[in-house]
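A quick write-up on the structure given underneath.
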Amino acid sequence: MFGEKEKQILGFNDLKLVIAQILLYSFLSMSIMFPDLLLDGRFGLYFMQWSEALMYMVIYLLIGRYFYIYVVKLFPGYNNWRKRLPRLFLVLVVYLLITLLLQLTLQKWINIEVPGYEEDRILKEVIMGVFFALFGVGLYESLYLFVQLKEDQIRLKTIEKQKVQNQLDVLRHQLSPHFLFNCFNSLNFLIDEDKAKGKVFVNLLSDIHKKILEFSEKDLITLEEEVEFSIAYVNLLKTRFGNNLQFHINIREDLMDKKMVPLALQITIENAIKHNTITKKQPLSIAICDLKDYIEIKNDNRPKSNQTAVKGMGLGLKNVTDRYGLLTTQEVIIDSTEKAFIVRLPVL
0 MFGEKEKQIL GFNDLKLVIA QILLYSFLSM SIMFPDLLLD GRFGLYFMQW SEALMYMVIY
60 LLIGRYFYIY VVKLFPGYNN WRKRLPRLFL VLVVYLLITL LLQLTLQKWI NIEVPGYEED
120 RILKEVIMGV FFALFGVGLY ESLYLFVQLK EDQIRLKTIE KQKVQNQLDV LRHQLSPHFL
180 FNCFNSLNFL IDEDKAKGKV FVNLLSDIHK KILEFSEKDL ITLEEEVEFS IAYVNLLKTR
240 FGNNLQFHIN IREDLMDKKM VPLALQITIE NAIKHNTITK KQPLSIAICD LKDYIEIKND
300 NRPKSNQTAV KGMGLGLKNV TDRYGLLTTQ EVIIDSTEKA FIVRLPVL
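Following this line, the structure appears as structure tokens:
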């Protein structure tokens, strides 16, 4: 009667609630029907009538509870309340009518007069029955709706979390192909220019790609891991560009345990390499430093001859921005001036 099956339907264990209602309703009914028994000191009679009221309330509440659970089984959930309430009202009316008829029938068979039991007791009992029934259904329905709404919110959060995770997975899976595509372009250039450098490049690329595969399974990594990987990536680039690529990094040691999305620095560096002219006469300078709650990556803004000044986002930076957007409210800041292109990445 108060097992797991009922708890699963209602969403809560109502045993204590039923006991509390039985005690409350029986006390109220005694106060209304026999207000003078205690004041007159007729404790024996009061106890007898209260026992009868308790027995009546047990039967009354358990049958009412059965009908409520039955209707909830037919129309479960928060969104079905519009269908559930009219049927509960209909069941309630039928139940009260049957109860009233039984009372009238039994009263003819058992006609016991109790002092203080007024002639209009039937009317009082009907009014009490309606009040207790409405209050009980309202109480149960309120608790049921509260539990269902809470469960719906948990389900929505779970679905939203899964949706965000799926989006992150898609974005992470873009990293490796994007990285390899750009690296193969550099490798193709090196093979034509210097086969020895090309061999060194391939060896470094192999180690770096292993790290990319490792990082691509994570939502966040430490700033220390990201910096170490970025330095390794810059060393890879230097096999092609040599001193034409100038790299400076200055980040406080106490920030190294902070978190950031994987490969964010690497992609920002890669973006600078991809879009700007790098020559012996015009070496490309990339500087990384901390700025409050951000890591700032600043590079010379010298677009290649076939490009206009870099003001927006390519695929790589969009990937970084989207991943940050799914994990935090802190935004990636991108700014472009005539001389510099600046990206600020939040540390979390």
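As numbered in numbering that gives the first Met the number 0, residues 0 to 347 make up the sequence shown, in order. Note that the Cβ used here is the ideal one computed from N, Cα and C, for glycine as well. On a predicted model such as this, the values are computed, not experimentally measured, just so you know.
Using a Cβ-Cβ cut-off of 6 Å (strictly less than) and excluding sequence neighbours within five positions of P114, which residues of its own chain qualify?
Position 115 of the sequence shown, counted from the first residue, corresponds to residue 114. With a pLDDT of only 45 at P114, under the threshold of 50, the placement of this residue in the model should not be trusted; the figure read from the coordinates follows. Taken in chain order, the list of residues that qualify is empty.
Roughly how many angstroms lie between the CA atoms of P261 and A339, to the nearest whole one?
Sequence index remark: in the sequence shown, residue 261 carries index 262 (1-based). Sequence index remark: in the sequence shown, residue 339 carries index 340 (1-based). Rounded to the nearest angstrom, the two C-alpha atoms are 24 Å apart.
Measure the CB-CB distance between L283 and N243 and report whether it falls below 9 Å.
Walking along the sequence shown from the start, residue 283 turns up at place 284. Walking along the sequence shown from the start, residue 243 turns up at place 244. Against a cut-off of 9 Å, the Cβ pair of N243 and L283 comes out as a contact.
Less than 7 Å between C-beta atoms, sequence neighbours within five positions excluded: which residues of the same chain meet that for L95?
Mapped onto the sequence shown, residue 95 falls at position 96. For L95, where only same-chain residues beyond five positions count, the Cβ hits under 7 Å are G128, V129 and A132.
Q281: buried (16+ other C-beta within 10 angstroms of its C-beta) or exposed?
Within the sequence shown, the letter at position 282 stands for residue 281. By the neighbour-count criterion, in which 16 or more other beta carbons inside 10 Å mark a residue as buried, Q281 falls on the exposed side.
Hey, L326 and L219: beta-carbon distance below 9 Å or not?
Counting from 1 along the sequence shown, the entry for residue 326 is found at position 327. Counting from 1 along the sequence shown, the entry for residue 219 is found at position 220. For L326 and L219, yes; Cβs fall inside 9 Å.
For G215, name the three-state secondary structure that DSSP assigns.
In the sequence shown, residue 215 corresponds to position 216, counting from 1. Reading off the sequence, residue 215 comes out as Ser, not Gly. Note: S215 maps to coil in three-state DSSP.
Would you kindly work out how many angstroms separate the C-alpha atoms of L91 and G135, rounded to a whole number?
The count along the sequence shown starts at 1 and reaches residue 91 at position 92. The count along the sequence shown starts at 1 and reaches residue 135 at position 136. Each residue's Cα considered, the two are about 11 Å apart.
Among A231, E252, P345 and L148, which has the Cα closest to the Cα of H208?
For this step, residue 208 is matched to residue 209 along the sequence shown. For the set A231, E252, P345 and L148, the Cα lying nearest the Cα of H208 is the one of A231.
With C-beta atoms as the reference, is V352 less than 9 Å away from L60?
Outside the shown range of the chain, which is 0 to 347, sits residue 352, and nothing can be said about it.
Alpha carbon to alpha carbon, how far is Y67 from S141?
Within the sequence shown, numbered from 1, the residue matching residue 67 stands at position 68. Within the sequence shown, numbered from 1, the residue matching residue 141 stands at position 142. Going by the C-alpha atoms only, they are around 13 Å apart.
Report the three-state DSSP secondary structure of D334 (helix, strand or coil).
Counted from its first residue, the sequence shown places residue 334 at position 335. Strand, per DSSP.
What residue range is occupied by the uninterrupted beta strand (DSSP E) comprising V342?
For the purposes of this step, residue 342 is taken as residue 343 along the sequence shown, with counting starting at 1. First-last of the beta strand (DSSP E) with V342: A339 to P345.
CB-CB under 6 Å to P1, same chain, minus the five flanking residues each way: which ones, in chain order?
If you number the sequence shown from 1, residue 1 lands on position 2. It should be noted that the sequence gives Phe, not Pro, for residue 1. Result list for F1: L14, in chain order.
Can you give the beta carbon distance from I272 to I248, rounded, assuming they're within the 8 Å contact cut?
If you number the sequence shown from 1, residue 272 lands on position 273. If you number the sequence shown from 1, residue 248 lands on position 249. The Cβ separation is near 16 Å, so there is no contact.
Within 8 Å, do at least three Cβ pairs link the region 23-31 to the region 43-58?
yes
Considering just the uninterrupted stretch of the alpha helix (DSSP H) at E223, what are its terminal residues?
On the sequence shown, position 224 is the one that residue 223 refers to. That run of the alpha helix (DSSP H) goes L222 to F240.
Among residues of its own chain, excluding the 5 on either side of L148, which ones have a beta-carbon nearer than 8 Å to its beta-carbon?
Within the sequence shown, residue 148 is the residue found at index 149, counting from 1. Excluding positions up to five away in sequence, the list reads Y77.
Drop a sphere of 10 angstroms on the beta-carbon of L204, count the other beta-carbons inside from all chains shown, and report buried for 16 or more, exposed for fewer.
Counting from one through the sequence shown, the residue named residue 204 turns up at place 205. It counts as buried.
Quick one: Cα of L235 to Cα of T276, how far?
The residue given as residue 235 occupies position 236 in the sequence shown. The residue given as residue 276 occupies position 277 in the sequence shown. The alpha-carbon atoms of L235 and T276 are separated by roughly 18 Å.
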